[in-house]
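Trainee: Order-wise, the sequence lines are chains A and B.
When we follow the working numbering, the leftmost residue of the first sequence carries the number 1, and every step to the right adds one.
When we follow the working numbering, the leftmost residue of the second sequence carries the number 167, and every step to the right adds one.
Think of the CB as a built atom: it goes at the ideal place given N, C-alpha and C, for glycine as much as any other residue.
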Amino acid sequence: MQSRVIQIAGLAFTFGYAVFIVWIYATEPRTFKEVATRAEVTAGTYQVNEEKFNSALDLFRREQFRAARDEWQRADPAQGDARTQFYIAYSFYREGWGRVYSDQQLFKQGLEAVNRAIALSSASPLFVEDPNLHMHSAAELKAELEQGTERSWSDVNPLKVLRTRK
Amino acid sequence: MTANNRSRNRELVEHVVLPVLFLTVTLLGGLRVVAENGTFIFIAPPLVTLVLAVLLMLLLVRGRLVTLHEWVGHELPPLTNIAHIWLLITLFFASAQSFNSVLPERGLLNWLFSFFFLWTLWNNQFSSLDPRRLLRSLAILFGTAFVLKHMLLASLYSPEGGWLKRIAGTLLQGVSLGTLDASSFAPATGYISFFTLTLYVSGLILLAFAGKDETEPFAHPVIEEYRQLPAADRLAVREVILDDQPEPVARVEREPTPRND
């Protein structure tokens, strides 16, 4: 009987440990802090730091995009919040946008962030109610970023300089 | 009471200690620490390490470190079979990650190390091994690879090394046209690897004792094979041995040599 108990307890404990190892290798945390954050995401108790989020939003509105992104990354270290990822993508768009040409590198990073946002809100289309933004949906922002990274004959159109940043 | 404790401890080792030990090796075998910022990188076992682990498992069975017929069989209860199969799975992944821990991550060196491991394990498949010899051979194999990767190569490619080391590293890279490129990690990676390999070898030593009578963990192969025979065959072997005993040499009385007086 005791042997049976030891076997069952051993199997249960070591199986749990194996699941933890698989999870570690799947999520690849880079620090112990990240291990804790990812565990929160898995458990569904993860929340964005609202204080840092608002401070980043303030910087974004003052057009300090890099600082805003930095603050948003601190607010959402697990990159698990769709709204924060949308704002990060938007900051890449605004910083990279140019009347004559757009910064390809920044647009590509923006595209990655907006894809993350879309993936995180796969249940329903992401829509951000912010009067300061001209694009409110992730799909709209993605289309704009994609357009900026593509090369076409319309790039040489001189009337292009008349368009406005969204 | 002592026999009861002995059996309980053996159960604990087999079903808790050994799987935990091997799973810890699995966790740490792929862990590297980046030199620049101290962050972790988890490297999943590459395909070649799985092949090496298969060869090593075969070797462990051939070397009687894992006695399969005692671990898994019709006559054992299903739960015991499941627990033993689970232990074998953890052993397999621990073996793969131990190789992962001592293999260079990329470049020609990765191929060279993999080739030498394959060569050694393949050759060992055809040699006669007993558990003691096998354990010694594995400890030396992993120890040599550890010294080469985490001491020699790490010191050659270390960005913090002296100018002589850096020149040697650059020359080596230049001569090999960049194919000997190796990743440089924080010294903590070497310590983690050392701990991992020590755990793995300790696990193998414990495995040799698990499920066996501790009075004679490493019996002679002939005795081991004799024990596995059916009772009738054992009796026959005993009779043959007794029959083969040399005839007692008749004592020849030493006759006194005649004296020529």
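Any chance the segment 227 to 238 of chain B sits against the segment 266 to 286 of chain B, with 3 or more Cβ pairs inside 8 angstroms?
Mentor: No: fewer than three Cβ pairs fall under 8 angstroms.
Trainee: Taking a cut of 7 angstroms between CB atoms, which residues from the segment 24 to 47 of chain A lie near chain B?
Mentor: So the close ones are 24, 25, 28, 29, 30 and 31.
Trainee: According to DSSP, which residues form a beta bridge with residue 198 of chain B?
Mentor: According to DSSP, which records beta bridges pairwise, residue 198 of chain B is partnered with B/207.
Trainee: Candidates A/33, A/162, A/7 and A/59: which alpha carbon is nearest residue 248 of chain B's?
Mentor: When each option's Cα is compared against that of residue 248 of chain B, the closest is A/7.
Trainee: Under 8 angstroms between C-beta atoms, does residue 174 of chain B make it to chain A?
Mentor: It does; some Cβ of chain A falls within 8 angstroms.
Trainee: Out of A/17, A/25, A/122 and A/145, state which residue places its alpha-carbon closest to the alpha-carbon of residue 166 of chain A.
Mentor: Cα-wise, what sits closest to residue 166 of chain A is A/145.
Trainee: So residue 252 of chain B contacts chain A; which residues on that side make the cut at Cβ distance below 8 angstroms?
Mentor: In chain order: 11, 14 and 15.
Trainee: With 16 as the cutoff for other CB atoms within 10 Å, does residue 408 of chain B come out buried or exposed?
Mentor: So residue 408 of chain B ends up on the exposed side.
Trainee: By DSSP, does residue 281 of chain B sit in helix, in strand, or in coil?
Mentor: Residue 281 of chain B: helix per DSSP, three-state reduction.
Trainee: Which one or two residues does DSSP pair with residue 368 of chain B in a beta bridge?
Mentor: Partner(s): none; residue 368 of chain B has no beta bridge.
Trainee: Rounding to the nearest angstrom, what Cα-Cα distance links residue 305 of chain B and residue 54 of chain A in this structure?
Mentor: Taking the straight line joining both Cα atoms gives about 57 angstroms.
Trainee: For residue 10 of chain A, report the span of its alpha helix (DSSP H) as first-last.
Mentor: Counting along the chain, the alpha helix (DSSP H) containing residue 10 of chain A begins and ends at 2 to 27.
Trainee: Residue 210 of chain B versus chain A: which residues are under 8 angstroms apart at the beta carbon?
Mentor: Per Cβ cutoff of 8 angstroms: 25.
Trainee: Note down the Cα distance separating residue 258 of chain B from residue 223 of chain B, rounded to an integer number of angstroms.
Mentor: C-alpha separation (whole angstroms): 7 angstroms.
Trainee: Among the residues of its own chain, which have a CB less than 7 angstroms from the CB of residue 59 of chain A, if the five just before and after it don't count?
Mentor: For residue 59 of chain A, where only same-chain residues beyond five positions count, the Cβ hits under 7 angstroms are 67, 68 and 71.
Trainee: If you run the structure through DSSP and keep just helix, strand and coil, what is residue 137 of chain A?
Mentor: It is a strand residue.
Trainee: Between the alpha carbons of residue 282 of chain B and residue 357 of chain B, how many angstroms are there, rounded?
Mentor: In a straight line, the C-alpha of residue 282 of chain B is about 23 angstroms away from that of residue 357 of chain B.
Trainee: Pull up the distance between the alpha-carbon of residue 61 of chain A and that of residue 213 of chain B, whole angstroms please.
Mentor: For residue 61 of chain A and residue 213 of chain B, the distance between alpha carbons rounds to 50 angstroms.
Trainee: How many angstroms separate the CA atom of residue 388 of chain B from the CA atom of residue 190 of chain B?
Mentor: Approximately 35 angstroms, taken between the alpha carbons.
Trainee: Give me, in chain order, the residues of the same chain whose beta-carbon lies closer than 7 angstroms to that of residue 208 of chain B; leave out the 5 immediate sequence neighbours on both sides.
Mentor: Correct list, in chain order: 196 and 197.
Trainee: Tell me the rounded alpha-carbon separation between residue 103 of chain A and residue 114 of chain A.
Mentor: Using only the alpha carbons, I get a separation of about 16 angstroms.
Trainee: To which residues does DSSP link residue 107 of chain A through a beta bridge?
Mentor: According to DSSP, residue 107 of chain A bridges with nothing at all.
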